[in-house]
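Single-structure report; data block below.
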Ligand SMILES: [Fe+2]
């Protein structure tokens, strides 16, 4: 479920907007300088290997990258693997990487081919929790304070666009703000 929940940055209980309408989500994000778009969804993306996915989305990727600004385009994917006794630790480790507030020197551009993840954008006096699902493209502008929650059971496939090979490296603010906001699991469970 694609969802946008806008909250006051100093009070997560102060919910200003909650919508699942893609057009409303795009408009609200655009007001904050954030690009959101929908691309068509490939059936059974989870069962499709990464090279085939990249080939499938080549036209959209080429259009997005018409300027050639993104030099490194790849796929990040994580799926539950309950047969692996290490899976809970792998999941927790992956989830913990970007759960604290940080920013990047370049735009963080992600297309979700499948699955779910939530970007929390801390812009001015608001936090915009944006739950992305398969078909959603989100571009977090360079320098924007944010964090990312993939949930307690990470499951997504995302095409990533980088200008530099290490564009994913985060500059962490040390602010504990993310702890005061509903997790992805909680956002999805809320009525
Ligand atoms: Fe990030």
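Numbering (UniProt numbering), first residue to last: 1 to 191.
Where a beta carbon is used, it is the ideal one built from N, C-alpha and C, also for glycine.
- request: Mind checking who residue 35 pairs with in its DSSP beta bridge?
  value: Sequence index remark: in the chain shown, residue 35 carries index 35 (1-based). Answer is 139.
Beta carbon shell of ligand 1 at less than 6 Å from a heavy atom: Per the CB criterion, closer than 6 Å to any heavy atom of ligand 1, the qualifying residues run in chain order as 98, 102, 104, 108, 146, 148 and 170.
- prompt: What's the gap between the Cα of residue 103 and the Cα of residue 127?
  reply: Residue numbering aside, residue 103 sits at position 103 when the chain shown is read from its first letter. Residue numbering aside, residue 127 sits at position 127 when the chain shown is read from its first letter. Whole-angstrom Cα-Cα distance: 14 Å.
field: Contacts around residue 107, its chain only, beta-carbon distance under 7 Å, and the 5 residues preceding and following it disregarded
entry: The residue given as residue 107 occupies position 107 in the chain shown. If you ignore the 5 residues before and after residue 107, its C-beta comes within less than 7 Å of the C-beta of 139, 140, 141 and 142, all in its own chain and listed in chain order.
query: Which class does residue 173 belong to by DSSP, given the choice of helix, strand or coil?
result: Along the chain shown, one-based indexing puts residue 173 at 173. Note: residue 173 maps to coil in three-state DSSP.
query: Over what stretch of residues does the alpha helix (DSSP H) that includes residue 87 continue unbroken?
result: By one-based count along the chain shown, residue 87 stands at place 87. In this chain, the alpha helix (DSSP H) harbouring residue 87 covers 87-96.
query: With a cut-off of 8 Å, do at least 3 Cβ pairs link the segment 74-92 to the segment 16-27?
result: Verdict: no, contact absent.
- request: State the beta-bridge partners of residue 108 as determined by DSSP.
  value: Taking the chain shown and counting its residues from 1, the one referred to as residue 108 is at position 108. Secondary-structure assignment with DSSP links residue 108 through a beta bridge to 140.
- prompt: Going by alpha carbons, who is nearest to residue 99 out of 1, 117 and 110?
  reply: As a first step, residue 99 is located in the chain shown; it is residue number 99 there, counting from the start. Looking only at 1, 117 and 110, the smallest Cα-Cα distance to residue 99 is reached by 117.
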